[in-house]
Amino acid sequence: MEELAKAFSLMFTPGSELSQIILLTLQMAAFSTAISTVIGVPLGVLVGLYRFRGKRLLMRILNTLMGLPPVLAGLIVYFILSRSGPLGTLKLLYTLQAMVTAQVVLITPIVCGLSATAIAGVAPRVHETAHGMGLSRSRELACLLYECRSQLLSIVFVAFGRSIGEVGAVMLVGGNVQYKTRVMTTAIMLETNMGHFEYAVALGVALLVVSFVINSIALTLQERTSVPEAEGATSHTRGGRLGGVGR
Amino acid sequence: MSGHFCVKLQGLRKVYGERVVLDIDDLGFEAGRSYALVGPNGSGKSTLLRVLSGVIPASGGAIDVEGDILRDDVRVGYMPQKSYTFGFSVARNVALALDGMKLSKSEVTARVERALRDVGMWEMADARGSGLSGGEAQRVALARLLVRDLDVVLLDEPTASMDIAGTLLAEETLERYRERTGCLTIMATHAPSQARRISHDAVMLAAGCVVEKGTTDQVLSHPTSEAGREFLSYWAV
């Protein structure tokens, strides 16, 4: 119990290793979520919105990548960033950037796939309605994103949750280097292996608290922005005009 | 007021894979008149409206406009069977339809108020669109359609979720709008009584083809085709 209390007091001590680990964990999760969102959401919107040749195959690939084992993602990034790899000259291995890269590889398919599913569920009906109202394509897209904001927000928080709790990939490409790449999950592993169970438990509790706070924010935002479900179709012409062959 | 024009459909087809869902040889709709589209489920009523509105492209044939107006200048409004009500306020839902029309704020406010009053939804102008009942949502969708000046109004069972009071109010609103603008109205409906109340002419579809056309009374009281008589026999029940 003494160890546990000590560990908790260390969390709130500026400059301590534990507070630095928490800060680095949050940094890594925030950066990787931000990058994955910037890449994954627009791609997901495009995939969900448009019909194109190979869409089904793309969705299958995305679904497969959504279940990509973290160790495999770490291994891929490790090979790319290792000294003999294509990006070895950048010397990024065992840095925060390497961990963020591995996380982005892991999370982006999740963000993209879930965004595509969320958009595809609402887009057809919004499209038919917007078309009938004669709305421009850009206005229709804005309305669609507004209607899906709750789901998209949830997806971002799911990505953050996945990122903050990940261990395999960050261990491989980060190396769990003290004061440099040690994050909460890798620290828990290390402390457990060293027999410092109280310290590991305190870290685990801290991780849970962070996840709880993030999820609470997500749920609150979701409740404020929630809208009912919808359905619909996609057209080839803009609204306000008579339709016809291939228009 | 819309100029006088006629929408002509020739050889209009819609095919999904091997399945022909719409096959219309020759059909015309005249501006200023109101048409009822009737027919059993799957007869092609909704498909015809979706093709006319441009939501889906036709697989073949032509939609031409003859008269005082060019085809690309015809302003078409379409209310789908399951219209989507956006999550923001009812008033904003209606105002959205005026987006890009370069109207002053006061003009937008006045139009929105009139449209919502016409369908009996002005008291709910500040309510969120996502919390409306089916009938209320259809009233908002109708207001959103009629807030604009249109030449062609396409409606797919626009009163299906409304109660009788709402239905009569919507029909009255549509009639006033048609008289004011001189637009062409085409409305799919399942109710013969409604077809008689709101339309001058009727077109009956069966398996994607036109089986009856003429004045509403002619089509509903004196069908000439076997498919028309069979369909109407259920209505008699």
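Those protein sequence lines, which keep their order, are chains A and B. Quick note, the first sequence lines up with residues 0 to 246 if you use numbering that gives the first Met the number 0. Quick note, the second sequence lines up with residues 0 to 236 if you use numbering that gives the first Met the number 0. All C-beta atoms in this analysis are idealised placements derived from N, C-alpha and C, irrespective of residue type, glycine included.
- Can you say whether Arg-143(B) is buried or exposed, counting buried as having 16 or more other CB atoms within 10 angstroms of its CB? Within the second sequence, residue 143(B) is the residue found at index 144, counting from 1. The residue is buried, with at least 16 neighbouring Cβ atoms inside 10 Å.
- Item | Under the three-state DSSP convention, the category Lys-7(B) falls into | The residue given as residue 7(B) occupies position 8 in the second sequence. Strand.
- For Leu-47(B) and Val-54(B), the rounded distance between their alpha carbons: In the second sequence, the residue the question calls residue 54(B) occupies position 55. In the second sequence, the residue the question calls residue 47(B) occupies position 48. Going by the C-alpha atoms only, they are around 10 Å apart.
- Item | Residue range of the unbroken beta strand (DSSP E) whose run includes Val-20(B) | Position 21 of the second sequence, counted from the start, is the residue given in the question as residue 20(B). From DSSP, the beta strand (DSSP E) with Val-20(B) extends over 18 to 29.
- Query: Straight-line CA distance for Val-157(A) to Leu-241(A)?
  - Reply: On the first sequence, position 158 is the one that residue 157(A) refers to. On the first sequence, position 242 is the one that residue 241(A) refers to. Roughly 43 Å separates the two Cα atoms.
- Message: Tell me the DSSP secondary structure of Cys-142(A) in three-state form.
- Response: The count along the first sequence starts at 1 and reaches residue 142(A) at position 143. Cys-142(A) falls in the helix class under three-state DSSP.
- Query: How close, in whole Å, do the beta carbons of Thr-84(B) and Ala-136(B) come, if the pair is a contact with beta carbons under 8 Å?
  - Reply: Against the second sequence, residue 84(B) aligns to sequence position 85. Against the second sequence, residue 136(B) aligns to sequence position 137. Yes, Thr-84(B) and Ala-136(B) are in contact; Cβ-Cβ is about 5 Å, under 8 Å.
- Query: Do we get a CB-CB distance below 9 Å when we pair Val-202(B) with the residues of chain E?
  - Reply: Of the chains in the structure shown, none is chain E; the protein chains are A and B.
- Query: Does the beta carbon of Ile-55(B) sit closer than 9 Å to a beta carbon anywhere in chain A?
  - Reply: By one-based count along the second sequence, residue 55(B) stands at place 56. It does; some Cβ of chain A falls within 9 Å.
- Express the C-alpha separation of Thr-108(B) and Asn-214(A) in angstroms, rounding to a whole number. One-based indexing of the first sequence puts residue 214(A) at position 215. One-based indexing of the second sequence puts residue 108(B) at position 109. If you take the alpha carbons of Asn-214(A) and Thr-108(B), they lie about 40 Å apart.
- Tell me whether Gln-9(B) counts as near the ligand MG, meaning its Cβ is closer than 8 Å to at least one heavy atom of that ligand. This structure lacks the ligand MG, and indeed carries no ligand of any kind.
- Taking Leu-21(B) and Gly-43(B) to be in contact with their CB atoms under 8 Å, please state how far apart those CB atoms are, rounded to whole angstroms. By one-based count along the second sequence, residue 21(B) stands at place 22. By one-based count along the second sequence, residue 43(B) stands at place 44. So it is a contact: roughly 5 Å between Cβ atoms.
- Task: Evaluate Phe-11(A) with the Cβ neighbour count: other Cβ atoms within 10 Å of its Cβ, from every protein chain shown; 16 or more gives buried, anything less gives exposed.
- Result: For this step, residue 11(A) is matched to residue 12 along the first sequence. Looking at its Cβ environment, which holds fewer than 16 other Cβ atoms inside 10 Å, Phe-11(A) is exposed.
- Task: Determine, using beta-carbon pairs with one atom in the region 92 to 106 of chain B and one in the region 162 to 182 of chain B, whether at least three such pairs fall under 8 Å.
- Result: no
- Message: Quick check on Met-243(B): does DSSP put it in helix, strand or coil?
- Response: With chain B running from 0 to 236 in the structure shown, residue 243(B) is simply not present.
- Item | Bridge partners - Asp-98(B), DSSP secondary structure assignment | Sequence index remark: in the second sequence, residue 98(B) carries index 99 (1-based). Paired residues: none, contrary to the question.
- Message: Whether or not the region 78 to 94 of chain A and the region 51 to 63 of chain A are in contact is what I'm after, with contact meaning three or more pairs of Cβ atoms, one per stretch, closer than 8 Å; do they touch?
- Response: no
- Message: Give me the chain B residues within the contact set of Tyr-145(A), using Cβ-Cβ distance strictly less than 9 Å, ordered along the chain.
- Response: Taking the first residue of the first sequence as position 1, residue 145(A) is located at position 146. Going along chain B in sequence order, the residues near Tyr-145(A) (Cβ under 9 Å) are Phe-85, Gly-86, Phe-87.
- Query: Could one say the Cβ of Ile-185(B) lies closer than 9 Å to chain A's Cβ atoms, at least one of them?
  - Reply: Along the second sequence, one-based indexing puts residue 185(B) at 186. Answer no: the Cβ-Cβ gap between Ile-185(B) and chain A never drops below 9 Å.
- Message: Nearest by alpha-carbon distance to Ala-119(A): which of Val-200(A), Ser-8(A), Lys-90(A), Val-46(A) is it?
- Response: Taking the first sequence and counting its residues from 1, the one referred to as residue 119(A) is at position 120. Selected option, being the one with the closest Cα: Val-46(A).
- Where are the beta strand (DSSP E) runs, 3 residues long or more, that stay fully inside the region 44 to 91 of chain B, in chain order? 59 to 66, 75 to 78
- Message: Can you confirm whether the region 109 to 124 of chain B touches the region 75 to 84 of chain B when touching is taken to mean that 3 or more C-beta pairs between the two stretches lie within less than 8 Å?
- Response: no
- Do Gly-133(B) and Ser-160(B) have their C-beta atoms closer together than 9 Å? Along the second sequence, one-based indexing puts residue 133(B) at 134. Along the second sequence, one-based indexing puts residue 160(B) at 161. The answer is yes: Cβ separation under 9 Å.
- Below 9 Å between beta carbons: does that hold for Val-172(A) and Ala-101(A)? To locate residue 172(A), count along the first sequence from 1; it is residue 173. To locate residue 101(A), count along the first sequence from 1; it is residue 102. Closer than 9 Å, so yes.
- Specify whether the region 136 to 148 of chain A and the region 14 to 33 of chain A touch according to this definition: at least 3 beta carbon pairs, one from each stretch, less than 8 Å apart. no
- Query: For Met-186(B), which of helix, strand or coil comes out of DSSP?
  - Reply: What you label residue 186(B) is simply residue 187 of the second sequence in a count that begins at 1. Strand.
- For Leu-154(B), which three-state DSSP category applies? On the second sequence, residue 154(B) is found 155 positions in, with the first residue counted as 1. Of the three classes helix, strand and coil, the one that applies to Leu-154(B) here is strand, per DSSP.
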